[in-house]
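Residues in the sequence shown are numbered consecutively from 1, following UniProt numbering. Heads up, the beta-carbon is just placed ideally off N, CA and C, and yes, glycines get one too. Since the model is a prediction, treat every value here as computed from it, not as a measurement. Quick notes on the structure that follows.
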Amino acid sequence: MKKFKEFDIPFAGLKQGEHRFGYRIDNLFFEGFDYTDFNDASLKVDVVLHKKSNMLELDFAVKGTVNVNCDLSNEPFDQKIKGSLDLIVKFGEEYNDENEEILILPHGEHQVNVAQYIYEMTVLSVPAKKVHPGIKDGSLDSEIVRKLTELQPGTEKEKDEETDPRWDTLKKLLTDK
């Protein structure tokens, strides 16, 4: 995690209470994780650290846009994202991050690196299906969209074609109930 040194939060010298940290994230951050699904990124991440006598509570929030390719047309567009993550940091005998909500640091640690949590929160904030807004409102004009519209089931070509009379008889059974 040497390359993400700016994401180290040194909590040892902080007083108990609330402390705020802010980060600007761009595509170089994701390239550090070998993640190439984003063409570009412009994100603001806020981290609120609640320091208590025996543990730390971290509240992450991300907001901004990532440039991704549409799953239907492969056209790039800016996808707005917003997400949050809560993490509890406790202290124990050895490092343990098996639980996604609780991180255990060894006694004597004086900082926590939050880069991995920012990465995971951001990637999981992107919708599973990325659809260009121009497809939803019909304003996107591209060759792929025209071809998809042409090949859509139920178009005029299929309505004009005659159907097999055997299928018509079977369809009649469904309506006779």
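- Between the C-alpha atoms of residue 78 and residue 148 there is a straight-line separation of about 22 angstroms.
- Taken through DSSP and simplified to helix, strand or coil, residue 39 comes out as coil.
- Contact annotation: residue 43 and residue 25 have beta-carbon atoms nearer than 7 angstroms.
- Note that the C-beta distance between residue 103 and residue 89 is below 7 angstroms.
- Every beta strand (DSSP E) stretch that sits fully inside the stretch 72-151 and reaches 3 residues is listed by chain position as 76-92, 102-106 and 111-113.
- Annotation: the continuous beta strand (DSSP E) that includes residue 63 extends over 55-69.
- Contact annotation, residue 33 with residue 119: C-beta distance approximately 5 angstroms; criterion of less than 8 angstroms satisfied.
- Per DSSP, residue 165 lies in no beta strand (DSSP E); the unbroken alpha helix (DSSP H) holding it starts and ends at 165-175.
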